[in-house]
Structures are given as C-alpha cells and as structure tokens.
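Trainee: Below is a structure I'd like to ask you about.
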Amino acid sequence: MKIIRNTMIIVLALTLMFTGCTKSDDAKDSVNDIDGQTKEEDFNQEEASGEKVKLTFWHNYGADKETPFFQDTIIPMFNEKYPNIEIEVVAQGNDQYAEQIVISAGTNTTPDIARLDLTDVSGLAKMGALAPLDDMEGFDELKSNLFDGPMATNYYNGKYYGLPLDSSCKAAIFNMNKLKELGFDDVPKTMEEFIDASLEKGEYTMNVSSAGDWDFLPYFWSFGGVITNEDFTKATGYLDSEQSINAVNKLKGLHDKGMFTIKEIDGSTDAWDGIKSGEYAMFLEGPWFFAFTEDWEDSGLKPALIPTYDNQSSSIVGGESIGIFNSCEHKKEAFQFVQFLLSEEVQVLMGKEMGQMPVLKSAAKNEELTSDEVWSVYLEQLNNANTRIPSPEKATIEEHLKDAFDSILTEAVTTEEGLTNAAELIDGVLSNN
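If you're matching positions, the sequence shown starts at 50 in the numbering used here and goes up one per residue.
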C-alpha cells in the first residue's frame, strides 16, 4: 500500500509543481451507463451511418507515468465502451500549457476537450471559449456526486463551464513529538484545545508562509470568515462582516501572542523545515508533502483532518477541471467522454495509477483508496474544502486579499478598515466579470 501511496502522491506533487472501428454487433444492445445502470445507447446520425465522431483532447499529464497509463489503459477502455467515438489525445508540455490554451482560444484553434487548471476556467468562459455544460444530459446527476468545492471552481456568471477532473486540498500535518510536549497523546480534534495548550506553552506552534490565499484562507474560513456571497458576486457585507472581522482578529491575536507565525512577515522558519524539526506542532499542506518526506513516519509526522473551531473547519481546493470548447461540433459525444472520465471505475484507476485525487464522492469512498493512511485523510478533508473566487481576475482579487491581511497583521490599518477597503476593491473587480 505504501507503493500505491507514493505513486499517487508523487505524481500529484509533480503535477502541481509545474501548478477505430465500425459499430460492433452488440452496439444495438443495452450497455452499462457510468453509474452502473443499464440504458440504450442513443446513437446519433454519424453513428447510425457507421461513421466515427472524432474528438481532440488536450492534456498536460506527466510524461513518465501519467500519459502512458492514460493512453494505453484509459483510452482503450473508452474505445471499448464507445466504439463510434475516436479520441485523438494530444499531450502538451506543462510549462506553457495554460498559455497554449489561451492562444488557441484567441486563434480559433482550440481542441474539442481539454484538461484545465481549475483557476483558468472562468477566464476562458469570459473569452467565450468554453461551452456551458448545465443543459447537457446527465449533468445534474453527475454534479450531485461531485465534491462541492472542486465543482464550484467551474462556476461563472450563473453557469458551469467545466467539471472537476481531479483535485487536491490541504489537511493538517502534525509533529507528534511536539504534540506530546503540549500534553497530547493523539492529534487534537478541535482548534480550541490546540490553542489553549499552545498558549500555555508560550511558543510558536503553527506557521504559514504568507498571508496569501493558498496559505491563509483555510485558517480564515475555519475561524468563520467569508469572502463573498454564494454566487461570488459581492464581497461587501461578507468580507467586512462581523464574522470575518472576528476571524481575522482571532488570527491576529494568535500571531501577536506568539503562537501563529507568518514567515514572510516574521522571518520565521520555513513550515516544512519547522514541522520536521519539531519547532512547529502543526501546519497545513497538500499530500505532496509526504512524497518529498520519505521518513515522515519515522520523524513522528502524521496527517489529520484540520481541527475544528466552533465545530467547523475548512480547507482550500486545488486541482484540474475538464472543459468542452464552443468550437466542438459534437458536444454530446464530448460530454460522453467527460462522463466516462468521471465514472467511479476510471476515477479510482486514475487515483491508484496516475496519482489523481478523485473528485467523485463515491470514488473517494472506494476501499482501494481509503485504505491508504494519507489519502484517506485528504479524501475526507475534501468534504470541507472551499474554492477561491472563480473569476477571470483571480490574480487581482488575490492581491487585494493579501494586501488587506498583511496590512492588518502588521497594524498598518485596523481589521475593519482593511477588510472594508478590500471588499470594495473586490466588488469593483467582480462587477466587471
């Protein structure tokens, strides 16, 4: 199982670091749908005449293990199920993949389907490059079985322009030796008990690299903060609300008392180094940490769910989506390919063999994945993972948030002033979505 774990985590880590035959005789018979139910295939005119529908799929999977498995195992499985749809798989370089997608959209040379970074979906939707998927047959059923956080990243101006394909999130990583010094025999379940023990000890016990969204927002959300309304259209009344002010004040208080350190502000030890050495008791990180820390068990490190505060906690979503471009002439067949990739069988296979964390709730409960100590934690944490605002201007929004948090933590402004100003600036950005 450790081999499977390392395979899954290493591939996920590398992904985030670089962020033909005619209709067969039995085609007329009923075939199994992706959810295991049996239904009659609805062949279109091209299929009825024996012609294949040809679709192009772009991806940026890793060349060493991911791409060969996808090409040699996943695609043949699809071909067997849908013999009248031919998928031309095009592997693109990872370094400039997002730029290639944007250029193709601007020059009308897009593929039919593509794997996309979840943060790029809204921008491509604004360009008019992606097709909305809400009205596709089977969309609602599929959506109900996908984790809310990854799903939300595909939402733009009232419609979904993609579906999550694989995901990642942060969970807690504890140094059990340090916890013993604080009086714990096991990982704390609540932030309240962890805070009390840490303050009594009187030293830093948790760390983030900066007040940027990827590091800071899980704490902000866990302490009750909110950024916008549910539709991601308004920040005023939410980011500057009493609950958000209280959340930031709580974090500022822990920082002022010497429990919560921010490397960029304080010049403190890097979180990875500090958790390994036992300087810190807890930090939040993705599963790739364990791929690069082979001796984590011997070092007394342990993955766990983020402790709750006032009975709630939250992580942050990362990962990739899959989208269908408006240029695609066979959107129905393209969506069938999407549905296939989001079937439980394929999601589990891609998890085990390609290191892709499933986005399907049912796949996340599969024993082949949950039996792994690391993945079981992260798959459960996905149930409480929020998305950053899905906006074409995501970088500007992230900058406004970080500027506000930095100014508050360094006492350049009051909490209310900083959050009110940031809410107004973010509203200005959202109004231009």
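Backbone N, C-alpha and C define an ideal beta-carbon position, used for all residues, glycine too.
Everything numeric in this text was worked out from a predicted model, so none of it was measured.
Of the choices 282, 343, 264, 389, whose alpha-carbon is the least far from that of residue 363?
Mentor: Ranking 282, 343, 264, 389 by Cα distance to residue 363 puts 264 first.
Trainee: When DSSP labels each residue in this structure, what does residue 279 get in the three-state scheme?
Mentor: Coil, per DSSP.
Trainee: Any contact between the region 462 to 474 and the region 441 to 453? By contact I mean 3 or more CB pairs, one from each, below 8 Å.
Mentor: Short answer: they touch.
Trainee: Starting from the Cα of residue 355, find the closest Cα among 407, 433, 195 and give me that residue.
Mentor: With distances taken between Cα atoms, residue 355 lies closest to 433.
Trainee: For the putative contact between residue 195 and residue 409, defined by C-beta atoms under 8 Å, what is the C-beta separation to the nearest angstrom?
Mentor: Rounded, the Cβ-Cβ distance is 6 Å, consistent with contact.
Trainee: Under 7 Å Cβ to Cβ from residue 294, same chain only, skipping five residues before and after it: list those, please.
Mentor: Same-chain partners within the cutoff: 464, 465, 468.
Trainee: Count the other CB atoms, across all protein chains shown, that sit within 10 Å of the CB of residue 460; report buried if there are 16 or more and exposed otherwise.
Mentor: Residue 460 should be labelled exposed.
Trainee: Curious, which full-length alpha helix (DSSP H) runs of at least 4 residues does the region 356 to 443 contain?
Mentor: If we require 4 residues or more, the alpha helix (DSSP H) runs fully inside the region 356 to 443 come out as 380 to 390, 393 to 403, 410 to 413, 416 to 419, 422 to 430.
Trainee: Can you name, in chain order, every residue of its own chain whose Cβ lies under 6 Å from the Cβ of residue 70, other than the five neighbours on each side?
Mentor: Residue confidence is low: residue 70 scores 37 on pLDDT, short of 50, so the model does not pin down where it sits. No coordinate-derived value is stated.
Trainee: Pairs of beta-carbons, one from the region 160 to 171 and one from the region 364 to 382, closer than 8 Å: are there three or more?
Mentor: As far as the Cβ criterion goes, the region 160 to 171 touches the region 364 to 382, which means the pair count is three or higher.
Trainee: Would you mind working out which of 183, 206, 122, 170 sits nearest residue 480, comparing C-alpha positions?
Mentor: If we check each option's Cα against that of residue 480, 206 comes out closest.
Trainee: In this structure, does DSSP put residue 225 in helix, strand or coil?
Mentor: In the structure shown, residue 225 sits in a helix (DSSP, three-state: H, G or I).
Trainee: Tell me, which residues are paired with residue 102 by DSSP?
Mentor: Paired residues: 134.
Trainee: Does DSSP classify residue 301 as helix, strand or coil?
Mentor: Helix at residue 301.
Trainee: Short of 6 Å in beta carbon distance, which residues of its chain neighbour residue 367, apart from the five on each side in sequence? Order them along the chain.
Mentor: Only 217 meet the Cβ criterion.
Trainee: If we call anything under 7 Å between Cβ atoms a contact, is residue 361 one with residue 220?
Mentor: No, the pair does not count as a contact, with Cβ atoms beyond the cut-off.
Trainee: Give the single residue among 375, 477, 456 whose Cα lies nearest to the Cα of residue 158.
Mentor: When only C-alpha atoms are compared, the closest one is 375.
Trainee: Any Cβ of chain D within less than 7 Å of the Cβ of residue 279?
Mentor: Here there is only one protein chain, and chain D is not present.
Trainee: Would you please state the rounded distance, in angstroms, between the beta carbons of residue 276 and residue 287? I believe it to be under 8 Å.
Mentor: Contact holds; Cβ gap of about 6 Å.
Trainee: Assign residue 378 to buried or exposed, taking buried as 16 or more other Cβ atoms, counted over all protein chains shown, within 10 Å of its Cβ.
Mentor: With fewer than 16 Cβ atoms within 10 Å of its Cβ, residue 378 is classed as exposed.
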